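Everything on this sheet refers to the single structure shown next.
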C-alpha cells in the first residue's frame with residue numbers, strides 16, 4: 001500500500017521557521033508532481049507549493065519568498081522549508097503526490113499541524 005508519511009509540524013513563534021518532510025512508502029515505479037496544501041480552521045484546503053519531478057516549482061502568492069519546496073528523488077521525499085512564519089500560516093499541512101505504481105495514483109498524507117503564535 002502506497003502511503004505518504006509527514007513530519008515536522010509544531011508550534012513556533014511568528015518570524016520563526018519550520019521544515020516539513022513527506023516520505024513516500026510502498027511499492028512504486030516513480031513519482032510525478034509533489035506538493036503541499038494547507039487547510040486553516042473554517043477555510044478550504046489551498047495549494048501552497050508544488051514541484052515537478054524535474055524540479056520546477058510553483059508557489060501561492062501568500063508564501064512566495066518565505067517558503068521553499070524541494071525534493072529528493074532518491075529518497076522519495078518532498079520538503080517544505082517555511083521561514084518568516086506568520087500567524088496566518090497556522091493550518092494543517094498536507095502533502096500530495098502523483099505516483100506511478102501498478103496504476104496512476106494521487107495520494108495524500110495524513111496532515112501535520114503547524115501553529116504560529118503571535
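In my numbering, the protein residues as written are 1 to 118.
Just so you know, even glycine gets a beta-carbon here, dropped at the ideal spot from N, CA and C.
Since the structure is predicted, the reported quantities are computational estimates derived from the model, not experimental observations.
Exposure of residue i, with buried meaning 16 or more beta-carbon neighbours within 10 Å
i: residue 88; result: exposed
i: residue 20; result: buried
i: residue 14; result: exposed
i: residue 35; result: buried
i: residue 10; result: exposed
Spatially closest choice to residue i from the options, by CA coordinates
i: residue 83; options: 76, 116, 112; result: 116
i: residue 75; options: 22, 17, 91; result: 22
i: residue 107; options: 25, 91, 81; result: 25
i: residue 31; options: 118, 103, 47; result: 103
i: residue 85; options: 110, 72, 118, 109; result: 118
Segment limits, beta strand (DSSP E) that includes residue i
i: residue 120; result: Missing from the structure shown is residue 120; the chain here goes from 1 to 118 and no further.
i: residue 143; result: Since the first residue of the chain shown is 1 and the last is 118, residue 143 is not available in this structure.
i: residue 50; result: 46–51
i: residue 85; result: Taken as a continuous stretch (DSSP letters only), residue 85 belongs to no beta strand (DSSP E), as it is neither H nor E.
May I ask you to verify whether the region 98–106 touches the region 55–62, counting CB pairs closer than 8 Å and requiring at least 3? Verdict: no, contact absent.
Pairing CB atoms from the region 5–14 with CB atoms from the region 62–73, are three or more of them under 8 Å? Counting C-beta pairs closer than 8 Å gives fewer than three between the region 5–14 and the region 62–73, which falls short of the contact rule.
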